[in-house]
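Residue numbers (the numbering used here), protein chains in the order written: chain C, 43 to 328; chain S, 43 to 328. Every residue, glycine too, gets a C-beta built ideally from N, C-alpha and C. Some notes on the structure that comes next.
Given below as structure tokens:
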């Protein structure tokens with residue numbers, strides 16, 4: 043057993059998606075496309091101290107004395123139970139939580155990669171991705187982030203599910219990405235509602251990007267999706283109009299009260315965005 | 043049309059493989075496992091000058107006045123013909139050619155990614171990988187390098203062929219990699235001979251790594267494969283014995299007159315190896 047292992051998992055902004063529920067969590071998931079980001083989540087796993095046997099998840103919090111706040115993250119707990127380990131998990135991220143960056147999926151995948159290494163579980167990358175994807179689907183916190191974050195780049199999710207059943211492609215490009223977040227939007231609430239209209243819009247967006255896998259068509263399809271699926275919040279709508287007014291390219295992060303732009307769209311429009319880029323690699327051990 | 047685009051493609055050392063010929067080059071390929079490397083190939087594509095219409099491939103060569111030597115690389119020519127473009131292609135690499143690093147596959151994949159961008163061909167990553175893989179298979183210069191180089195990390199090729207038919211997994215690890223090359227070993231000569239014995243050994247090695255996807259089992263399976271497939275050259279055999287004598291982990295790059303080691307195996311044994319690491323990402327546009 044190692045003392046610790048650390049994994050970095052890129053953030054993932056989904057531009058559009060269609061939901062594909064299935065009783066088997068390895069087959070459930072989503073089709074769609076998104077951007078993986080150089081802003082992401084760093085997960086460090088250590089064995090739980092001998093005296094106590096339960097897993098503890100700590101989120102970095104610079105405002106507390108210890109530097110960490112205990113949190114409950116169901117997909118991470120499920121991952122560690124599946125690997126049959128008790129661990130101390132430290133999570134660091136500059137991304138806002140619950141704002142459409144796939145942070146819960148990133149925590150699950152990072153915990154899987156790091157715990158596999160610390161506890162010498164000898165699982166393959168696909169096996170670890172499958173465990174994290176299943177945990178995320180079961181918790182209802184996401185449908186396609188984990189497989190996208192394992193791949194990196196600008197993933198197109200052609201078929202839903204874990205690696206054994208999904209099919210991924212990618213847009214061969216890189217981009218500077220800006221984002222501004224206006225607060226929470228609950229993924230479980232949206233995903234547990236009626237997703238028929240949303241999925242019809244998602245399928246149309248996917249056809250467009252498959253026909254022309256470029257950044258321009260991705261952002262166009264994403265904007266059309268956000269409009270047609272009636273997911274735009276007032277804050278997001280206003281920011282999109284501001285970016286359009288300066289000829290920028292932006293859309294809404296699914297599912298978050300967040301606007302992202304390619305290049306300098308948001309800063310050109312007078313916002314003070316966070317700035318990162320698409321991440322060329324998938325999740326990785328450090 | 044852009045003025046130029048550059049792609050970096052990691053080198054790829056195959057530890058073991060089994061050959062899977064097929065009349066359809068998108069289904070032909072190999073099963074096996076290997077390491078993608080931070081040492082790789084950089085390919086820059088520009089449109090061919092207006093006056094001449096034919097493609098020109100130039101290999102960086104610091105000993106010539108122009109800095110480049112014209113070369114003929116069949117898979118690159120096939121890729122550019124498939125994309126229906128004429129280009130000036132500049133190739134830079136520190137890797138030795140024809141020594142088991144997948145440089146021909148890297149050139150083909152880099153040319154596909156960069157030409158798609160320069161000539162605005164709007165193909166997806168899978169489509170570009172398929173074109174490069176098919177070109178490499180048709181030229182007989184490799185069977186599994188392109189799909190591994192597109193993925194990055196430490197790829198396990200569970201099913202052969204281009205992305206639509208293959209199945210990849212990976213060993214979740216990173217490593218420092220050392221290598222020493224003793225010169226040429228012709229891939230076409232080996233691949234055109236009787237590959238039955240080689241493929242039997244390759245299947246056995248793959249089962250071992252699937253059962254335990256770790257670096258330790260990869261290097262063990264690779265050494266057993268090199269021995270059983272009777273591919274060891276005298277130079278390679280001597281170096282493997284030297285590394286084993288200092289408790290290092292090494293094997294032979296397939297197919298090249300090259301020894302690679304994990305960690306410091308070759309330098310511990312008194313060699314003066316090139317040093318790199320596994321590459322966390324697949325091929326990427328710069």
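query: What residues from chain S crowd round residue 208 (chain C), counting only those whose CB sits closer than 7 angstroms?
result: Stepping through the first chain from its first residue, residue 208 (chain C) is reached at position 166. The premise fails here: residue 208 (chain C) is roughly 11 angstroms from chain S at the closest Cβ pair, so nothing lies under 7 angstroms.
Range covered by the alpha helix (DSSP H) that runs through residue 51 (chain S): The sequence position of residue 51 (chain S) within the second chain is 9, counting from 1. Per DSSP, residue 51 (chain S) belongs to no alpha helix (DSSP H); it is in the beta strand (DSSP E), 47-62.
message: Which residues in chain S have a C-beta closer than 7 angstroms to the C-beta of residue 211 (chain C)? List them in chain order.
response: Position 169 of the first chain, counted from the start, is the residue given in the question as residue 211 (chain C). Simply 166, 167 and 168.
query: Tell me the DSSP bridge mates of residue 89 (chain C)?
result: As a working note, residue 89 (chain C) is residue 47 in the first chain. Bridge partners of residue 89 (chain C): C:129.
- prompt: Exposed or buried, which one is residue 15 (chain C) when buried takes at least 16 other CB atoms within 10 Å?
  reply: Outside the displayed range of chain C (43 to 328) lies residue 15 (chain C), so it cannot be described from this structure.
query: What does a CB cutoff of less than 6 angstroms around residue 317 (chain S) pick up in its chain, not counting 5 residues either side in sequence?
result: The residue given as residue 317 (chain S) occupies position 275 in the second chain. These residues qualify, in order along the chain: 220.
task: Along the beta strand (DSSP E) that carries residue 198 (chain S), what are the first and last residues, could you check?
output: The residue labelled residue 198 (chain S) in the question sits at position 156 within the second chain. Counting along the chain, the beta strand (DSSP E) containing residue 198 (chain S) begins and ends at 197-201.
query: Counting contacts by CB-CB distance shorter than 8 angstroms, is residue 299 (chain C) in contact with chain S?
result: As a working mapping, residue 299 (chain C) is identified with position 257 in the first chain. Residue 299 (chain C) does not count as touching chain S.
- prompt: Assuming residue 54 (chain S) contacts residue 190 (chain S) under a Cβ cut-off of 8 angstroms, what Cβ separation, rounded to an integer in Å, is found between them?
  reply: Counting from one through the second chain, the residue named residue 54 (chain S) turns up at place 12. Counting from one through the second chain, the residue named residue 190 (chain S) turns up at place 148. Right, their Cβ atoms sit about 5 angstroms apart.
- prompt: By DSSP, does residue 149 (chain S) sit in helix, in strand, or in coil?
  reply: Walking along the second chain from the start, residue 149 (chain S) turns up at place 107. Correct three-state label for residue 149 (chain S): helix.
message: Please tell me whether residue 216 (chain C) has its Cβ less than 8 angstroms away from any Cβ of chain S.
response: Taking the first residue of the first chain as position 1, residue 216 (chain C) is located at position 174. Yes - at least one Cβ of chain S is within 8 angstroms of the one on residue 216 (chain C).
query: Which chain C residues are close to residue 194 (chain S), counting only those with a beta carbon under 7 angstroms from its beta carbon?
result: Within the second chain, residue 194 (chain S) is the residue found at index 152, counting from 1. Neighbours of residue 194 (chain S) on chain C, chain order: 323.
message: Any beta carbon from chain S within less than 8 angstroms of residue 56 (chain C)'s own beta carbon?
response: As a working note, residue 56 (chain C) is residue 14 in the first chain. Judged by the 8 angstroms Cβ criterion, residue 56 (chain C) is not in contact with chain S.
Closer than 8 angstroms to chain S by CB, residue 46 (chain C): The residue given as residue 46 (chain C) occupies position 4 in the first chain. Not one chain S Cβ lies under 8 angstroms of residue 46 (chain C).
task: Check residue 78 (chain S) in the structure and name its three-state DSSP category.
output: For the purposes of this step, residue 78 (chain S) is taken as the residue at position 36 of the second chain. In this structure, residue 78 (chain S) counts as strand in the three-state DSSP scheme.
Interface positions of the segment 237-256 of chain C facing chain S (Cβ-Cβ less than 8 angstroms), listed along the chain: 252, 254, 255 and 256
task: Kindly indicate if chain C contains any beta-carbon less than 8 angstroms away from that of residue 261 (chain S).
output: Your numbering for residue 261 (chain S) matches position 219 in the second chain. Output row for residue 261 (chain S): interface = no.
task: Please look up how many angstroms separate the CB atoms of residue 126 (chain S) and residue 151 (chain S), rounded, as I've assumed it's under 8 angstroms.
output: Mapped onto the second chain, residue 126 (chain S) falls at position 84. Mapped onto the second chain, residue 151 (chain S) falls at position 109. Residue 126 (chain S) to residue 151 (chain S), Cβ: 18 angstroms. No contact.
task: Report the neighbours of residue 198 (chain S) on chain C: residues whose CB is nearer than 8 angstroms to its CB, in chain order.
output: Within the second chain, residue 198 (chain S) is the residue found at index 156, counting from 1. Residues of chain C passing the Cβ test: 166.
message: Can you pull out the residues from the segment 145-166 of chain C whose beta carbon lies closer than 8 angstroms to at least one beta carbon of chain S?
response: 155, 158, 159, 164, 165 and 166
- prompt: Given 8 angstroms as the limit, is there contact between the segment 237-254 of chain S and the segment 266-283 of chain S, that is, 3 or more CB pairs closer than that?
  reply: yes
query: How would you write the range of the alpha helix (DSSP H) that residue 218 (chain S) sits in, first residue to last?
result: Taking the second chain and counting its residues from 1, the one referred to as residue 218 (chain S) is at position 176. Where residue 218 (chain S) is concerned, there is no enclosing alpha helix (DSSP H), although the beta strand (DSSP E) it sits in stretches over 218-223.
- prompt: If you check the beta carbons only, do residue 100 (chain S) and residue 321 (chain S) fall under 8 angstroms apart?
  reply: As a first step, residue 100 (chain S) must be located in the second chain, where it is residue number 58. As a first step, residue 321 (chain S) must be located in the second chain, where it is residue number 279. Going by C-beta atoms, residue 100 (chain S) is not nearer than 8 angstroms to residue 321 (chain S).
message: Below 8 angstroms, how does it come out for the segment 65-83 of chain S and the segment 96-112 of chain S: are there three or more Cβ pairs, yes or no?
response: no
- request: Determine the extent of the alpha helix (DSSP H) in which residue 99 (chain S) is found, giving its start and end residues.
  value: Translated into the one-based positions of the second chain, residue 99 (chain S) becomes position 57. Unbroken run through residue 99 (chain S) is the beta strand (DSSP E), 98-102; no alpha helix (DSSP H).
query: Okay, do the segment 306-317 of chain S and the segment 274-293 of chain S touch, 3+ Cβ pairs below 8 angstroms being the bar?
result: yes
- prompt: Looking at the structure shown, is residue 73 (chain C) part of a helix, part of a strand, or coil, going by DSSP?
  reply: Position 31 of the first chain, counted from the first residue, corresponds to residue 73 (chain C). Of the three classes helix, strand and coil, the one that applies to residue 73 (chain C) here is strand, per DSSP.
- prompt: Cβ of residue 308 (chain S) less than 8 angstroms from any chain C Cβ?
  reply: By 1-based counting over the second chain, the position of residue 308 (chain S) is 266. No, residue 308 (chain S) lies away from the interface with chain C (no Cβ there is under 8 angstroms from its Cβ).
- prompt: Between C:276, C:273 and C:292, which lies nearest to residue 262 (chain C) when the distance is taken from Cα to Cα?
  reply: As a first step, residue 262 (chain C) must be located in the first chain, where it is residue number 220. Among C:276, C:273 and C:292, the Cα nearest to that of residue 262 (chain C) belongs to C:292.
- request: Count the other CB atoms, across all protein chains shown, that sit within 10 Å of the CB of residue 258 (chain S); report buried if there are 16 or more and exposed otherwise.
  value: By 1-based counting over the second chain, the position of residue 258 (chain S) is 216. Residue 258 (chain S) comes out exposed.
message: For residue 180 (chain S) and residue 225 (chain S), I'd like the C-alpha separation in whole angstroms.
response: Here residue 180 (chain S) refers to the residue found at position 138 of the second chain. Here residue 225 (chain S) refers to the residue found at position 183 of the second chain. Approximately 24 angstroms, taken between the alpha carbons.
- prompt: Would you say residue 77 (chain C) faces chain S, with C-beta separation under 8 angstroms as the test?
  reply: Numbered from 1 along the first chain, position 35 holds the residue referred to as residue 77 (chain C). False, the Cβ-Cβ gap to chain S never drops below 8 angstroms.
- prompt: Is there contact between the segment 163-171 of chain C and the segment 132-143 of chain C, where contact requires at least three CB pairs shorter than 8 angstroms?
  reply: no
- request: Measure the C-alpha to C-alpha separation of residue 273 (chain S) and residue 141 (chain S) and round it to an integer number of angstroms.
  value: Locating residue 273 (chain S) in the second chain gives position 231, where the first residue counts as 1. Locating residue 141 (chain S) in the second chain gives position 99, where the first residue counts as 1. Roughly 13 angstroms between the two C-alpha positions.
Short-range partners of chain C found in the segment 114-135 of chain S, where Cβ spacing is below 7 angstroms: none
field: Option in C:124, C:91 and C:97 with minimal Cα separation from residue 176 (chain C)
entry: Counted from its first residue, the first chain places residue 176 (chain C) at position 134. Of C:124, C:91 and C:97, the residue nearest in Cα terms is C:124.
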